[in-house]
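J.: Just so you know, the sequences run in chain order Z and X. Going from the first sequence to this note's numbering is simple: count from 1 and add 234. Going from the second sequence to this note's numbering is simple: count from 1 and add 8.
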Amino acid sequence: MNVQFRPEPSASVGVKTAIADCDIHPARAANDELYPFMAKRWHEHLVAYGKQAYHGMMEGPPYPKAQPNASRRDAWPPEGGPQGSSLSFMQKQLLDPYNVALGVLNPLNSGQGLRNQDLAGAICSAINDWQIEKWTSKDSRLKGSIVVANEDGVSAAAEIRKRAGDKNFVQVLLLSRNVEPLGQRRYWPIYEAAAEIGLPVGIHAFGFGGNPLTPSGWPSFYIEEMVGHAQCQQTVLASLVLEGVFERYPKLKMVMIEAGFGWAPSLGWRLDKNFERLHSEVPYLKRKPSEYIRDHIWWTTQPMEDPERRDHLFQVIEWIGWDKLLFATDYPHWDFDEPSRVLPAGVSDANREAFYLGNAKKLYGIA
Amino acid sequence: MTSPLPGGVDCDLHPAVPHLTSLLPYMNDYWRDQVTTRGMTDLVSQSYPTNSPISSRPDWRPGQGKPGSDLADMQKQALDRFGVRYGICNPLYGVQMVFSEDMQDAFCRALNDWLAKEWLDKDARLRGSIVIPAQSVEKSVTEIERCASDKRFVQVLMLVMGDMPLGKRAYWPIYAAAERLGLTIGIHAGSAYHNPPTSVGWGSYHIEDYVAQATAFQTQLTSLIVEGVFARHPNLKMVMLESGFTWLPAYLWRLHKFWRGIRMETPWVDRAPLEIVRSNIRFSLQPVDAPPDPATLNRLFDHMQSDELLLFSTDYPHWQFDGDEVLPPGLSPDLVRKIMIDNPLATYGRLEFAKETTP
């Protein structure tokens, strides 16, 4: 690759052509926005008991964010409501100015990570209906992600199959932190259903599964949670590979969302090295771990790792493959990656097009 | 192949305790009685099952007994073979797994005395690490002070997967004692199994636990840096042992980005994480988690942007390399010298002390 690098990130490269944004977070203007899509029994339940997750807080996250809702200060919609809750403002602030041709919605505040799996399923199903009603039916650039009761593989698979063939959805969405590592068998019905209806499974950083956020217990700070998503995602991916998920579901595609990608080559090398020694423990694996990763995994870009010398990051991308990266902004969150700043001048036109749009259209089946 | 230089420092050797009963002579009557009356079994950690392929190189596996349990083997296979001047012993006996801090303390004391008598006394090249009962900070400090009078102890040893993140303020008296006494803090792969071995719970397989060690080092580095350990103890050196290092550049790129974004949360962090790592953190060489081609590895060294971070190690008797290929191919003679001699001597102040005081 013949790339010219400037000492500082350039603001002037410009994104003239259309882009895909593979990580947009839609929010509800108010919680009762979901009520039309849920049985009355669940309205009453939520009023009385709230959402009981695998952590102690009745409201808000256990690690307070750096800003309200972890969002950009300029992302409050003028008509009120939280950041990301207004389609018209999202169009004005994100979709129109950046020429977003495909926007993938990843609803984070759903029923995922709740302990009561019936409640989780009811909220997730409502969120899926709500994505159509409020977003995808109103702007054809936006596509939804099917959220499911993540700890109950059977009901999750039923929800996925219910949406089979529905062009409003382009992926199934899970969060990275669950009760067990995501390669465990309790989650296999989810992968089976997703492979069956031909949608990739996106695994977005976050969630709570009751496990301490590090192998040495609970850290103190929000920055540790944020940086730690990369470590969680590595163990999730190792679990998926080593449990043989990709042997069992050879057509399954997965997207690692918002957990970085710079760690991927090193993880692959470490897995391969130890697989050489310990193959007899996982004899059902027919190929080297890094080969499953190369064939089955895509990566959203935001938050792009930020080296002192930018050429280092593009060397890492060469190790991963330009065909596997999906551009994302993470709108409306504070660590938004500005589309015009993430690639330096000199990346080839073909790689640039793949990075910003082509890979996403191909993966998500958008013409 | 890159040839080792004579006179180096092997920073990660694992002498094995043959059995819990081997420590009985180093326990008092009460603990001897506890071990025997209660029928306690050997303390082998799941982090290193004795017969797992990674626990010993095939040609280093003895006819009987645990790999690494025989000094003559270690001399022949590691110390003599790679011509080292010093070898630092990091016992991985599973004393950290017990839940009683009193028992842990008794076993750590026995282990440290065993190491001095059965190993350090028998080969003048060997140096030791003080294993501490980290569940009790008070007892840990007492044990550090007790052992530190023996200058052959150059380091305090902690496991990377323990009870709490290592930056937590509760641990700081340990770091203060180490800094005061000129000891390095070594953090070694392995779990006390007081928490699940990954941040998303328990996996199914030994290989998952081992692969996850690298992620545990990453979370510990974040904790140590953002809690402010190195603002309080700017001269404290910490060594990540058997951690792998090829993950370091991308990890730091991410940490640095978030630190710039939300440093208001931890305003006491007085230097950029990159700078803290360059001045205070070191990594043992093995395992080298990279393909065996010099181009890739040299690109990684370029990404690390420092030739002072790595310390030579064989990880004896663990199976990290074959033959004499302890150094990956393509290293410059300059870098070999740094890794084998200059960097370890700059990291372990007590090695210099030994150099000055022993003929």
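For every residue, glycine included, the Cβ atom is placed at its ideal position computed from N, Cα and C.
Can at least three beta-carbon pairs, one atom from the stretch 114-127 of chain X and one from the stretch 151-167 of chain X, be found at a separation below 8 Å?
T.: yes
J.: Mapping DSSP to helix, strand and coil, what is His-546 (chain Z)?
T.: helix
J.: Could you have a look at Val-25 (chain X) and say whether DSSP puts it in helix, strand or coil?
T.: coil
J.: I think Val-404 (chain Z) touches Lys-377 (chain Z), with their Cβ atoms under 8 Å apart; what is that distance to the nearest whole Å?
T.: Contact between Val-404 (chain Z) and Lys-377 (chain Z) holds: CB atoms are separated by about 4 Å, below the 8 Å threshold.
J.: Against chain Z, does Lys-346 (chain X) count as a neighbour if the rule is that its beta carbon must be under 7 Å from one of theirs?
T.: It does not: the Cβ of Lys-346 (chain X) has no partner Cβ on chain Z nearer than 7 Å.
J.: Which chain X residues are close to Val-516 (chain Z), counting only those with a beta carbon under 7 Å from its beta carbon?
T.: Tyr-213, Ile-215
J.: State the Cα-Cα distance for the pair Thr-251 (chain Z) and Pro-578 (chain Z), rounded to the nearest angstrom.
T.: 16 Å
J.: Relative to chain Z, which residues along the stretch 146-178 of chain X have a C-beta separation below 8 Å, given in chain order?
T.: Val-168, Met-169, Gly-170, Asp-171, Met-172, Pro-173, Leu-174, Gly-175, Lys-176
J.: Determine the DSSP secondary structure at Tyr-213 (chain X), reduced to helix, strand or coil.
T.: coil
J.: Rounded to whole angstroms, what's the CA-CA distance from Val-106 (chain X) to Asp-50 (chain X)? Just pull it up for me.
T.: Going from the Cα of Val-106 (chain X) to the Cα of Asp-50 (chain X) covers about 12 Å.
J.: Determine which residues share a DSSP beta bridge with Ser-199 (chain X) and list them.
T.: X:Met-169
J.: Taking Ser-379 (chain Z) as the query, report the chain X residues whose CB atoms sit under 8 Å from its CB, ordered along the chain.
T.: Simply none; closest approach about 20 Å.
J.: Just by C-beta distance, which residues in the stretch 17-38 of chain X are closer than 7 Å to chain Z?
T.: none
J.: Using the three-state DSSP reduction, which class does Gln-143 (chain X) fall into: helix, strand or coil?
T.: coil
J.: Report the CB separation of Asn-445 (chain Z) from Ser-207 (chain X) in whole angstroms; it is logged as a contact under 8 Å.
T.: 6 Å
J.: From what residue to what residue does the beta strand (DSSP E) around Lys-377 (chain Z) run?
T.: 376-381
J.: Please determine, among Z:Met-490, Z:Val-489, Z:Leu-505, the residue with the shortest C-alpha to C-alpha distance to Ile-215 (chain X).
T.: Z:Leu-505
J.: Note down, in chain order, all residues in the stretch 558-589 of chain Z with a beta-carbon under 9 Å from any beta-carbon belonging to chain X.
T.: Trp-568, Asp-569
J.: Please return the same chain residues whose Cβ sits closer than 8 Å to the Cβ of Asn-343 (chain Z), not counting the five positions on each side in sequence.
T.: Ala-261, Arg-262
J.: Alpha carbon to alpha carbon, how far is Leu-471 (chain Z) from Ser-450 (chain Z)?
T.: The alpha-carbon atoms of Leu-471 (chain Z) and Ser-450 (chain Z) are separated by roughly 20 Å.
J.: Classify His-513 (chain Z) as buried or exposed, calling it buried when 16 or more other Cβ atoms lie within 10 Å of its own Cβ.
T.: exposed
J.: Any beta carbon of chain X sitting closer than 7 Å to that of Asp-540 (chain Z)?
T.: yes
J.: For Leu-318 (chain X), which beta-bridge partners are listed by DSSP?
T.: Bridge partners of Leu-318 (chain X) according to DSSP: X:Phe-291.
J.: Can the beta-carbon of Trp-327 (chain X) be found less than 7 Å from the beta-carbon of Ile-62 (chain X)?
T.: In terms of Cβ geometry, Trp-327 (chain X) and Ile-62 (chain X) form a close pair [threshold 7 Å].
J.: Does any CB atom of chain X fall closer than 7 Å to the CB of Trp-532 (chain Z)?
T.: No, Trp-532 (chain Z) does not count as interfacial toward chain X.
J.: Less than 6 Å between C-beta atoms, sequence neighbours within five positions excluded: which residues of the same chain meet that for His-567 (chain Z)?
T.: Ala-304, Ser-305
J.: Span of the alpha helix (DSSP H) holding Thr-45 (chain X)?
T.: 37-45
J.: Closer than 7 Å, CB to CB, is Arg-655 (chain Z) near chain X or not?
T.: Within the shown structure, residues of chain Z are numbered from 235 to 601, placing residue 655 (chain Z) beyond reach of any answer.
J.: Between which two residues does the alpha helix (DSSP H) harbouring Gly-462 (chain Z) extend?
T.: 456-476
J.: Spatial neighbours of Ala-354 (chain X) within its chain, please: C-beta separation below 6 Å, excluding the five flanking residues on both sides.
T.: none
J.: For Tyr-94 (chain X), which beta-bridge partners are listed by DSSP?
T.: X:Val-17
J.: Within 10 angstroms of its Cβ, does Trp-127 (chain X) collect 16 or more other Cβ (buried), or is it exposed?
T.: buried
J.: Interface residues of chain Z around Asn-203 (chain X) at Cβ under 7 Å?
T.: Pro-446, Pro-449, Ser-450, Gly-451
J.: Please name the residue or residues paired with Gly-337 (chain Z) in a DSSP beta bridge.
T.: Z:Asp-255, Z:Leu-376
J.: Step through the CB atoms of chain X and report whether any lies within less than 7 Å of the CB of Ile-253 (chain Z).
T.: no
J.: Can you confirm whether Val-470 (chain Z), when its beta carbon is compared against all beta carbons of chain X, has any partner nearer than 7 Å?
T.: yes
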